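Report on the following structure.
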Amino acid sequence: MNKKNSILKKHRYRFFFKDIAVDLGTNSTQIYLRRKGLVVEEPSVIAFDLARKKIIAIGKEAKRMIGKTPQRIRTVKPLQDGVVADFETTKQMLIYFFRKAGVYSSLFRLRAIITVPFGTTQIEKRAVVDAGRAAGAKEIYLIEEPLAAAIGANINVEEPQGNLIINIGGGATEIAVISLGGIARGESLRFGGNDLNTYIQRYIRNHYRLEIGESTAEQVKKEAVYALDPPKGRIQPVSGINLRSGLPESITIPVEELSAAIKPMLETLSVAIKKTFEQVSPQLASDIIQSGIFLTGGGAMLKKIGLFLQKKMLIPVHIAQDPTTCAVRGASKALEELHAMRHLELYHSRN
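Residue numbering for the sequence shown follows our numbering, beginning at 1 and increasing consecutively.
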């Protein structure tokens with residue numbers, strides 16, 4: 001083959017080649033397409049008709065059905081604690097999202113990088129790879145989520161510099177010390193933003209005999225829960241079902257009470273961070289004291305969580321810009337610079 005034909009073949013191959021990054025989370029799935037940016041951001045939820053044995057909704061439409069469906073309709077989250085809990089529904093969900101992103105096609109070769117939680121087992125990784133293949137990806141890389149989030153937070157992960165990143169997702173919280181392109185020390189806690197919602201639901205049920213739904217708890221968390229120094233005298237309206245009468249009821253609850261409800265989980269988080277910090281070398285610890293802690297993920301949006309952790313750890317805490325998309329943006333960047341970043345801890349599988 002002459003040089004001209006070789007060049008034409010190379011450009012023709014690149015024309016039919018697409019790169020995507022996928023942040024496959026317990027609560028939401030994000031897809032980032034090279035040169036287009038974030039093209040999909042949907043809840044990781046599927047609605048299933050038990051009578052017809054058929055999926056009837058995926059993503060936003062399915063989430064709107066939670067708690068409002070007849071008995072024959074069941075809403076499920078295919079991922080639990082950040083890992084695949086139901087392979088078949090995860091596969092169908094990915095196919096739907098790939099179609100929505102415009103990449104589910106036989107006209108081009110699809111290369112995907114997918115985030116996985118730190119500490120994911122080989123079996124759990126295989127489930128992600130198999131789901132990605134079934135959705136049409138021909139070449140798949142896996143990247144651990146704290147590493148992807150660090151890249152998305154504009155941390156130079158290749159430097160011999162210790163950086164402590166805390167990625168708080170819906171189903172898991174990852175604490176990782178990153179240096180020289182890898183995770184020097186890390187821990188994955190099987191709790192996240194969803195557990196904060198559960199704490200809020202439990203508190204309101206036990207103290208006010210009011211049953212509230214998951215979406216209401218999420219709203220209360222965003223509007224009225226503080227990790228530190230909640231405003232005194234402020235109240236939050238909450239609606240649910242009175243457990244005594246069985247009737248709908250609206251009440252008001254002091255913001256101070258709601259914020260106190262999540263304290264046990266925040267204390268657990270701070271203890272885990274201290275434990276991780278104590279296990280690193282003095283050199284890495286010195287780096288972290290200088291650079292501080294970086295927060296990413298949806299949990300970084302909790303009011304005053306940065307100040308809470310700063311008070312506990314006595315070192316600076318930085319909330320990344322647009323923390324909810326750090327992981328998918330970082331994964332996309334890692335894929336773009338794959339050849340220049342070969343030493344990153346990426347897991348590769350080809351069809």
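Idealized CB from N, CA, C, for every residue including glycine.
Being a predicted model, the structure only gives us computed values, none of them experimental.
The beta carbon of D86 lies closer than 7 angstroms to those of V76 and P78 in the same chain, with the five residues before and after it left out.
If you draw a 10 Å sphere on the C-beta of T120, you find 16 or more other C-beta atoms in it, and that means buried. In summary, G193 is buried, with 16 or more beta-carbon neighbours lying within 10 Å of its beta-carbon over all protein chains present.
The DSSP assignment places 109 to 116 as complete runs of the beta strand (DSSP E) inside the segment 100 to 132, in order along the chain (cut-off: 3 residues). For Q321, the closest C-alpha among the options K312, L338, Y199 and G298 is that of G298. Here L164 is bridged, per DSSP, to V177 and I293.
Straight-line measurement puts the Cα of A57 at about 15 angstroms from the Cα of A51.
By the 16-neighbour rule on beta-carbons within 10 angstroms, Q30 is buried. Going by DSSP, D19 is part of the beta strand (DSSP E) stretching over F17 to L24.
The beta carbon of Q92 lies closer than 8 angstroms to those of I46, I55 and I58 in the same chain, with the five residues before and after it left out. Residue environment: N167 is assigned as buried (16 or more neighbouring CB atoms within 10 Å of its CB, all protein chains considered). Beta-bridge pairing by DSSP links L189 to T173.
When the Cα atoms are used, D229 and I241 turn out to be separated by approximately 30 angstroms.
In the DSSP assignment, S250 forms a beta bridge with S239. For a cut-off of 8 angstroms, the C-beta gap from A327 to A148 is around 4 angstroms, short enough to register as a contact.
Boundaries for P231: no alpha helix (DSSP H) harbours it, and the DSSP string shows neither H nor E there. With a 10 Å radius around the Cβ and a threshold of 16 neighbouring Cβ atoms, N197 comes out buried.
Contact annotation: L258 and Q236 have beta-carbon atoms nearer than 9 angstroms. For V40, the enclosing beta strand (DSSP E) stretches over residues G37 to P43.
In the DSSP assignment, E144 falls within the beta strand (DSSP E) that extends over E139 to E144. In the structure shown, D287 falls within a helical segment according to DSSP collapsed to helix, strand and coil.
Beyond the five residues adjoining it in sequence on each side, T252 comes within less than 8 angstroms, by CB distance, of I235, Q236, P237 and V238 in the same chain, given in chain order. Check the Cα spacing between M313 and each of E41, K333, K274 and V39: the tightest is with K274.
Note that the segment 157 to 174 does not touch the segment 122 to 137; fewer than 3 beta-carbon pairs, one per stretch, sit closer than 8 angstroms. With contacts defined by Cβ atoms closer than 9 angstroms, F98 and S188 do not form a contacting pair. Residue environment analysis places P323 among the buried positions, since at least 16 neighbouring C-beta atoms fall within 10 angstroms of its C-beta.
Per DSSP, K68 lies in no alpha helix (DSSP H) segment and is marked neither H nor E. Looking only at P146, K138, A101 and A184, the smallest Cα-Cα distance to F108 is reached by K138.
Cβ-Cβ separation between E145 and E174: approximately 6 angstroms, consistent with a contact (criterion under 8 angstroms).
In this structure, A261 lies near R202, with their beta-carbon atoms less than 9 angstroms apart. Its Cα nearest to that of A227, the residue L269 stands out among L269, T276 and L38.
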